[in-house]
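Following: one structure in structure tokens, then a few remarks.
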Amino acid sequence: RPLEGATVTFEPEPFLGDSYHSHKGTTDSSGMVTVDPELKDFPGIYVGLYRVKISKIVAGKETIPARYNEKTTLGREVATDIKDARENIMFRLKSR
């Protein structure tokens, strides 16, 4: 089911260099998110490889397993020549 109120962050892999910046947003009631750039002067996500972190804090406590945030195993390639990379993506999180 959709996860509302979670923060989704796309962090560029370190080898991409300092010109790449993080993008993040908060999921809505349908689980969808529109990510905003860390630097407002550079809209859009640059082509490259990103680690994806999904986090939801409730009452000061992280409710999502660490494998989806601090120790993320999620990643995404952003590319213009890969059809799937330009469309909505879905992450299916499991609590166990």
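The opening position of the sequence shown corresponds to residue 14 in the working numbering, with each subsequent residue numbered one higher.
Glycine is no exception: its CB is placed at the ideal position from the N, C-alpha and C atoms.
Since the structure is predicted, the reported quantities are computational estimates derived from the model, not experimental observations.
Answer yes or no: do residue i and residue j have a C-beta to C-beta separation smaller than 8 angstroms?
i	j	result
residue 36	residue 23	yes
residue 46	residue 21	yes
residue 54	residue 38	no
Which of the three DSSP states is assigned to residue i in this structure?
i	result
residue 81	helix
residue 98	The predicted position of residue 98 is uncertain, since its pLDDT is 49 and thus under 50; no value can be drawn from it.
residue 87	strand
Which residues in the same chain as residue i place their Cβ atom closer than 7 angstroms to its Cβ, once the five residues preceding and following it in sequence are excluded?
i	result
residue 98	Residue confidence is low: residue 98 scores 49 on pLDDT, short of 50, so the model does not pin down where it sits. No coordinate-derived value is stated.
residue 108	78
Thinking C-alpha only, which one of the options is nearest residue i?
i	options	result
residue 63	48, 104, 26 and 53	26
residue 58	34, 67, 69 and 66	34
Please give the ranges of any alpha helix (DSSP H) in the segment 39-68, keeping only runs that are unbroken, at least 4 residues long and fully inside the region. none
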